[in-house]
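Only one structure is covered here, and it is reproduced in the block below.
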Amino acid sequence: MTDRRTAIVTGSTSGIGHGVASNAICPGHALPPLVEKRIPGTATARGITGQAVARDAPLAARPTRRFVEVDRLGALAVLLRSDAAAQITGTAIPVDGGWTAH
46 MTDRRTAIVT
56 GSTSGIGHGV
66 ASNAICPGHA
76 LPPLVEKRIP
86 GTATARGITG
96 QAVARDAPLA
106 ARPTRRFVEV
116 DRLGALAVLL
126 RSDAAAQITG
136 TAIPVDGGWT
146 AH
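Right, here's the structure in full:
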């Protein structure tokens, strides 16, 4: 999967000139507020705890066993826009709790 993402990012940079960075943030399963709000209802409907709902989510294969925090995706976007990331371009960056590496 990462190879396809890298190909898309690399292809998007061809012909756009120098000084333009093109990167892709590739998030895993995030827990945005809309999904988080559904957990109590799902737990009640299934007769289990909210923790069990989150555990049953597709997190078991992730080394961190946690959802990706939406704020961390935003922080990465800010970093990529900063001077600190001036030499980062044409890269697909997985933020998936170790799923890609696992």
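The sequence shown begins at 46 in the working numbering and counts up one residue at a time.
Note that beta-carbon positions come from the ideal geometry of N, C-alpha and C, so glycine has one too.
This structure is a prediction, so every number in the text was calculated from the model and none was measured.
Worksheet item: Where does the unbroken alpha helix (DSSP H) through I93 begin, and where does it stop?
Response: In this chain, I93 is not harboured by any alpha helix (DSSP H), its DSSP state being neither H nor E.
Practice prompt. For V113, count neighbouring Cβ atoms within 10 angstroms of its own Cβ and tell me buried if that reaches 16, exposed if not.
Written response: Classification for V113: buried.
Discussion item. Using 8 Å as the threshold, is the C-beta distance between D141 and R107 below it?
Written reply: Note that the C-beta distance between D141 and R107 is below 8 Å.
Practice prompt. Since I believe V123 is in contact with P77 (beta carbons under 8 Å), could you give me their beta-carbon distance rounded to a whole number of angstroms?
Written response: Your pair P77 and V123 does not check out as a contact, with CB atoms roughly 18 Å apart and the cut at 8 Å.
Worksheet item: Which two residues bound the contiguous beta strand (DSSP E) that contains A69?
Response: 69 to 72 is the extent of the beta strand (DSSP E) around A69.
Fill in: Those residues which DSSP pairs with A99 across a bridge
Residue pairing by DSSP places A99 opposite no residue, since no beta bridge is assigned to it.
Practice prompt. Could you tell me the distance, in whole angstroms, from the CA atom of P139 to the CA atom of A146?
Written response: Straight-line Cα distance between these residues: approximately 9 Å.
Worksheet item: Looking at I70 and L104, is the spacing between their C-beta atoms short of 8 Å?
Response: Taking 8 Å as the cut-off, the Cβ atoms of L104 and I70 do not count as close.
Worksheet entry | C-alpha distance - V98 paired with A88, whole-angstrom precision | Each residue's Cα considered, the two are about 6 Å apart.
Item to complete: Since I believe G135 is in contact with T109 (beta carbons under 8 Å), could you give me their beta-carbon distance rounded to a whole number of angstroms?
Response: For a cut-off of 8 Å, the C-beta gap from T109 to G135 is around 26 Å, too long to register as a contact.
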